[in-house]
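In our numbering, the protein residues as written are 57 to 246.
Glycine is no exception: its CB is placed at the ideal position from the N, C-alpha and C atoms.
Laid out in structure tokens, this is it:
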């Protein structure tokens, strides 16, 4: 059983790599999806209100992701408190999920290095693309204004540092064919 982390900054193309890996038959755990599941789980509602305040509940008594985003991107302490609540839940879910896997499997998370999660994996693959390409991708998919995207980029560890810390790198831009890079990495791991 080999556990592989997939890292990459915003707009690098992690989702595309995940789609390809799944088409190749590999199981992939998406940390962000699991984190969102915990965020919307009613049993966590009181804890979330305690961390972020009542304003995260809208007039329909539902969680307001817009309000949560506003809070965590403007208040680093609240963001850290939320992460300290959600991340152990996600890691626990990954550990349980991983125990049921029989072959190579993956976890996709943009914050492997930011949260020092490398210890969870046998290998880490970093997805890399130039900043201008990443910004363009984010703008095209509606991730916010150019200022919002640049702020998110500024809150992530630089690509060059993540590349040095990774076991493998997939370059996802211009004429770089992705599938041969994935095949080469998998041939070295298997």
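Let's test the definition: count the other Cβ atoms within 10 Å of the Cβ of residue i and tell me whether it reaches 16, buried, or not, exposed.
i	result
residue 233	exposed
residue 117	exposed
residue 246	exposed
residue 79	exposed
residue 98	exposed
If residue i and residue j are in contact, beta carbons under 8 Å, what's the gap, nearest whole angstrom?
i	j	result
residue 66	residue 212	7 Å
residue 63	residue 222	7 Å
residue 181	residue 224	5 Å
residue 228	residue 185	5 Å
residue 76	residue 238	6 Å
Short check: CB of residue i to CB of residue j, under 8 Å?
i	j	result
residue 164	residue 70	yes
residue 162	residue 82	yes
residue 219	residue 73	no
residue 168	residue 187	no
residue 192	residue 58	no
residue 142	residue 95	yes
residue 205	residue 146	no
Give the straight-line distance between the Cα atoms of residue i and residue j, rounded to the nearest whole angstrom.
i	j	result
residue 242	residue 112	43 Å
residue 240	residue 216	21 Å
residue 107	residue 136	10 Å
residue 100	residue 231	45 Å
residue 170	residue 200	22 Å
residue 60	residue 189	25 Å
residue 196	residue 202	11 Å
residue 105	residue 235	44 Å
residue 148	residue 157	15 Å
residue 144	residue 129	21 Å
residue 133	residue 172	18 Å
residue 214	residue 166	12 Å
residue 125	residue 140	16 Å
Could you please give the first and the last residue of the uninterrupted alpha helix (DSSP H) stretch that includes residue i?
i	result
residue 217	215-221
residue 14	What the structure shows of the chain is the stretch from 57 to 246, and residue 14 is not part of that stretch, so it cannot be assessed.
residue 206	202-210
residue 141	132-155
residue 96	87-96
residue 192	187-196
Considering residue i, what are the terminal residues of the beta strand (DSSP E) in which it resides?
i	result
residue 164	161-164
residue 63	59-64
residue 184	179-184
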